[in-house]
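Structure first, then comments.
In this note's numbering, the protein residues as written are 3 to 130.
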């Protein structure tokens with residue numbers, strides 16, 4: 003899924019003197035702040051399960067699952083299957099590294115800027 007910056011959030015971000023990483027992630031990837039917090043938690047605590055994230059973030063499991071799905075769709079998180087000793091399995095989640103996320107942010111903004119430049123170039127000139 004291609005990320006597209008939110009125009010409303012982009013305007014807000016430009017007016018913020020020192021935006022946080024959470025603010026920039028939310029703007030560039032058009033994700034909710036709780037999804038950005040989930041990403042940041044995964045950076046700090048790799049290999050968490052949905053249950054562990056729900057406890058850490060004080061949110062219910064269904065919300066955590068939706069956040070993780072969004073993060074995976076935006077290429078910000080990955081899921082690994084781990085076998086449980088007594089049988090069965092559990093999924094563990096990891097954030098992509100901050101350097102990878104930074105590259106994705108640059109790439110996303112570059113694509114968006116190129117799109118805007120193309121749109122501007124499509125406007126005809128006005129002769130007076």
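Where is the CB? At the ideal position from N, CA and C, for every residue including glycine.
Only a predicted model underlies this, so the values are computations on that prediction, with no experimental measurement involved.
Here residue 32 is buried. Its C-beta has 16 or more other C-beta atoms within 10 Å.
Residue 50 is bridged by DSSP to 95. Minimum Cα-Cα distance from residue 52 among the listed residues 80, 113 and 117 corresponds to 80. If you look at residue 116, you'll find it in the alpha helix (DSSP H) that goes 100-124. In this structure residue 115 is exposed. Its beta-carbon is surrounded by fewer than 16 other beta-carbon atoms within 10 angstroms.
In this structure, the straight-line span from the alpha carbon of residue 61 to that of residue 103 is close to 24 Å.
Taking a cut-off of 8 Å on C-beta distances, the region 116-126 does not touch the region 74-93, as fewer than three cross pairs fall below it. The alpha-carbon of residue 47 is positioned some 16 Å away from that of residue 24. Restricting attention to alpha helix (DSSP H) runs no shorter than 4 residues, the region 32-80 encloses them at 35-46, 52-59 and 63-75, ordered along the chain. A residue is called buried when at least 16 other Cβ atoms come within 10 angstroms of its Cβ; residue 64 does not meet this threshold and is exposed. Taking C-alpha positions only, residue 108 is separated from residue 14 by approximately 18 Å. In the displayed model, residue 10 falls within a helix according to three-state DSSP.
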